Amino acid sequence: MCWTVMSGSYWGQTDRVGTGCHRIMMPLAGLSVIRFDVMQPSILTSYDNFLFLLFFFFSLFKYLFLLLLLLLPLLFPFSPSTCFSSSSFCPSSLISSCSSPPPPPSTSSSSYFLLPPPSFQKQGKDVEKVKQRLAEIANYVDKFYRALNIRVALVGLEVWSDQDRCPITQDPFTTLHEFLDWRKLKLLPNRPHDNAQLVSGVFFQGTTIGMAPIMSMCTAEQSGGIVMDHSDNPLGAAVTLAHELGHNFGMNHDTPERGCGCRVTVDRGGCIMTPSTGYPFPTVFSSCSIKDLSASLEKGVGMCLFNMPEVKVLYGGQKCGNGYVEEGEECDCGELEECMNPCCNSTTCTLKGDAVCAHGQCCHDCLLKAAGTPCRDSSNSCDLPEFCTGANPHCPANVYLHDGHACHNVDGHCYNGICQTHEQQCITLWGQGAKPAPGICFERVNSAGDPYGNCGKDSKGSFAKCEAPDAKCGKIQCQGGANRPIIGTNAVSIETNIPLQEGGRILCRGTHVYLGDDMPDPGLVMSGTKCGDAMMCLNRQCQNVSVFGVQECSEKCSGRGVCNNNKNCHCEAHWAPPFCDKAGFGGSVDSGPMRLAEKDPPETTLHQQEEPYGPLR
1 MCWTVMSGSY WGQTDRVGTG CHRIMMPLAG LSVIRFDVMQ PSILTSYDNF
51 LFLLFFFFSL FKYLFLLLLL LLPLLFPFSP STCFSSSSFC PSSLISSCSS
101 PPPPPSTSSS SYFLLPPPSF QKQGKDVEKV KQRLAEIANY VDKFYRALNI
151 RVALVGLEVW SDQDRCPITQ DPFTTLHEFL DWRKLKLLPN RPHDNAQLVS
201 GVFFQGTTIG MAPIMSMCTA EQSGGIVMDH SDNPLGAAVT LAHELGHNFG
251 MNHDTPERGC GCRVTVDRGG CIMTPSTGYP FPTVFSSCSI KDLSASLEKG
301 VGMCLFNMPE VKVLYGGQKC GNGYVEEGEE CDCGELEECM NPCCNSTTCT
351 LKGDAVCAHG QCCHDCLLKA AGTPCRDSSN SCDLPEFCTG ANPHCPANVY
401 LHDGHACHNV DGHCYNGICQ THEQQCITLW GQGAKPAPGI CFERVNSAGD
451 PYGNCGKDSK GSFAKCEAPD AKCGKIQCQG GANRPIIGTN AVSIETNIPL
501 QEGGRILCRG THVYLGDDMP DPGLVMSGTK CGDAMMCLNR QCQNVSVFGV
551 QECSEKCSGR GVCNNNKNCH CEAHWAPPFC DKAGFGGSVD SGPMRLAEKD
601 PPETTLHQQE EPYGPLR
């Protein structure tokens with residue numbers, strides 16, 4: 001155990017793990033930093049003790065003074081006309097940060113809600129009453145997200161009246177882990193959906209009222225969350241559910257240092273992504289949430305959101321005016337007061353006059369666009385473009401490269417439509433100039449099995465040690481970049497010095513992020529990240545990409561196309577699906593045809609031309 005005092009703003013204590021010595025940088029209320037520096041154990045003289053105590057009390061006094069400054073806006077709030085976030089005020093010098101960026105493209109999430117026995121009993125064991133409450137919660141959530149151009153469509157609702165389908169305890173982490181496993185293995189194969197939320201009557205330990213993985217929307221493993229039904233008012237559960245769904249979308253908390261703009265003052269509820277909420281309940285998203293959502297969509301998170309939900313399975317039955325074109329309807333532009341569509345009659349949900357269509361990216365001026373017209377560009381190196389078919393007003397369902405395919409111009413593999421790399425994750429945490437640390441950092445640090453080096457948690461909630469082959473799938477280890485993590489003052493910097501056999505030391509930089517009681521640690525390596533040649537992190541293990549069968553799938557494309565996530569060939573222009581072995585219009589049976597080119601089909605193959613989606617592997 002060794003102590004060091006560095007300046008008026010820092011004080012600390014170090015821990016030794018293995019053959020390295022950690023240096024930890026931890027925030028104090030966003031104002032000062034506790035820094036644990038590396039030093040050899042030594043015997044402090046009485047003079048050293050005097051200096052230590054002097055610096056210690058000076059640091060403590062400065063911290064308390066700065067904390068008082070932080071609390072002044074809360075003790076003496078500004079007038080309602082001031083631009084507030086849910087947890088901070090926005091002074092006039094920062095007023096530009098309060099303006100909201102443009103909302104993301106219109107998308108839709110098909111959601112599945114589940115309610116276990118405790119909640120069923122809480123509602124008097126009345127199935128219809130419970131279903132009505134969940135439907136009301138869903139309507140609130142849909143209303144919140146409409147402001148972000150997202151529709152939340154309830155496609156399924158289950159009430160567990162007799163027994164739990166998966167273990168539910170007061171430990172939120174264990175409950176989330178068990179629920180997501182059950183969803184992947186049992187629910188998803190039988191009830192297709194984009195996201196599932198468990199609304200539980202069990203009171204979780206501590207202050208947690210919900211938990212969800214961040215940036216996990218549309219994934220089979222983690223697209224879901226758990227929500228405590230903590231209020232008699234369904235709006236309370238709806239706000240918590242919208243908050244956890246926001247984490248799935250990639251939204252972080254609205255913390256003071258982010259300078260978020262919220263058009264509703266704190267005393268009136270503030271914004272949905274505040275770390276903690278109370279009455280009155282928040283009902284709007286901040287400018288930070290909109291930015292987080294846009295950034296996530298640009299990275300490829302939420303590939304399924306661009307697909308139209310199956311209207312036949314919408315909960316609550318058919319209704320003209322709900323914004324979904326259902327059986328017997330030609331269009332649906334919402335209620336009369338909100339309909340701005342010149343092609344649709346909002347009262348009858350029928351097309352006006354000579355209109356052929358009213359909705360969709362392939363509908364323009366009430367007419368269908370020509371076949372081959374691009375309707376959705378590639379969003380990243382693992383995404384594939386879609387084209388109008390000439391027969392449908394909607395753009396075909398979003399498709400992307402098959403899992404395990406090499407990313408284009410990036411040293412990584414595609415997974416769920418995203419190219420995950422250690423380098424990108426280091427840049428996210430440490431800023432430009434950051435890069436992955438050498439392998440020895442991952443091996444030494446992640447073999448500890450503690451909060452700062454691990455391969456996640458086991459089913460009991462204990463930190464798991466990484467086996468040597470899986471070390472690069474544990475806590476991310478970086479070098480370079482900023483002096484401290486750039487993702488906020490709630491991030492702890494873990495720096496470990498490891499001695500080398502040939503002499504000298506190597507510095508490994510990890511993080512532990514305190515994002516609140518409702519989010520697992522994002523300092524772990526993301527699933528799908530390359531961990532070796534033809535290897536990828538899956539469930540905290542480094543596995544061969546051959547498990548996805550991408551090579552076998554690509555071989556059927558005649559060297560003139562790539563394999564998409566539906567295991568169909570996406571052909572080069574001038575070649576026809578399904579196997580790219582005959583002249584045609586390109587594209588796939590899923591994406592629609594590419595625009596017909598003027599030239600005759602070339603004799604060259606994909607390998608002789610530019611490879612637009614990366615090499616086939």
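Under UniProt numbering, the very last position in the sequence shown is 617; numbers go up by exactly one each time.
All residues carry an ideal CB built from backbone N, CA and C; glycine is no exception.
Treat the numbers as computed from the prediction; the structure is a model and nothing was measured.
- Annotation: the continuous alpha helix (DSSP H) that includes Y145 extends over V127 to R146.
- Going by DSSP, P374 is part of the beta strand (DSSP E) stretching over P374 to R376.
- In this structure, the CA atom of V152 is about 25 Å from the CA atom of L351.
- Residue pairing for Q479: DSSP places it in a beta bridge opposite K435.
- When rounded, the separation of the alpha-carbon atoms in A406 and S296 is 21 Å.
- Distances from the CA of E128 to each of K143, S111, E158 and I150 were compared; the closest alpha carbon is that of E158.
- Within the same chain, and ignoring the five residues on either side of C333 in sequence, the residues whose Cβ sits closer than 6 Å to its Cβ are C339, N341, C344 and S346.
- A direct Cα-Cα distance of roughly 48 Å separates P280 from T389.
- Between R540 and G433, the C-beta spacing is not below 9 Å.
- The criterion of a C-beta distance shorter than 9 Å is satisfied by M594 and F387.
- For Q551 against C508, the beta-carbon gap comes to about 35 Å, at or over 8 Å, which does not count as contact.
- If only complete runs of 4 or more residues are kept, the stretch 197-266 shows the alpha helix (DSSP H) at 234-249, in order along the chain.
- With a 10 Å radius around the Cβ and a threshold of 16 neighbouring Cβ atoms, A573 comes out buried.
- Residues of the same chain with a CB within less than 6 Å of the CB of S289, apart from the 5 flanking positions on each side, are M251 and M273 in chain order.
- Taking a contact to require three or more Cβ pairs closer than 8 Å, the stretch 458-470 and the stretch 489-501 do not qualify as touching.
- In this chain, the alpha helix (DSSP H) harbouring P172 covers P172 to W182.
- As computed with DSSP, P385 is found in no beta bridge at all.
- Counting the other Cβ atoms within 10 Å of the Cβ of V356 gives fewer than 16, which makes it exposed.
- Counting only the Cα atoms, A237 lies some 12 Å from T283.
- Linking C260 to L235 through their CA atoms gives a straight-line distance of about 23 Å.
- Here DSSP, grouped into helix, strand and coil, assigns M340 to coil.
- Considering only V264, G300, N139 and V513, the residue with the shortest C-alpha distance to L314 is N139.
- Apart from the 5 residues on each side of it in sequence, V589 sits with its Cβ closer than 8 Å to the Cβ of N568, P577 and P578 in its chain, given in chain order.
- Uninterrupted beta strand (DSSP E) stretches at least 3 residues long and entirely within the stretch 491-527 occur at 491-499 and 505-513, given in chain order.
- When DSSP states are grouped into helix, strand and coil, I427 belongs to the helix group.
- Taking all protein chains shown into account, F203 has fewer than 16 neighbouring C-beta atoms within 10 Å of its C-beta and is therefore exposed.
- The closest CA to that of G372, considering only G584, N564, G321 and C557, is found on G584.
- Note: E158 is bridge-paired with L114 in the DSSP secondary-structure output.
- Of the other Cβ atoms in all chains shown, 16 or more fall within 10 Å of the Cβ of A437; this residue is therefore buried.
- Between E330 and C304, the C-beta spacing is not below 9 Å.
- By the neighbour-count criterion, in which 16 or more other beta carbons inside 10 Å mark a residue as buried, E443 falls on the buried side.
- The beta carbon of I486 sits closer than 6 Å to the beta carbons of G431 from its chain, once the five residues preceding and following it are set aside; these are given in chain order.
- Annotation for K291: the continuous alpha helix (DSSP H) segment containing it runs S287 to K299.
- The stretch 175-183 and the stretch 222-235 touch, with no fewer than 3 CB-CB distances between them shorter than 8 Å.
- Between D254 and G270, the C-beta spacing is below 9 Å.
- DSSP, read as helix, strand or coil, puts S379 in coil.
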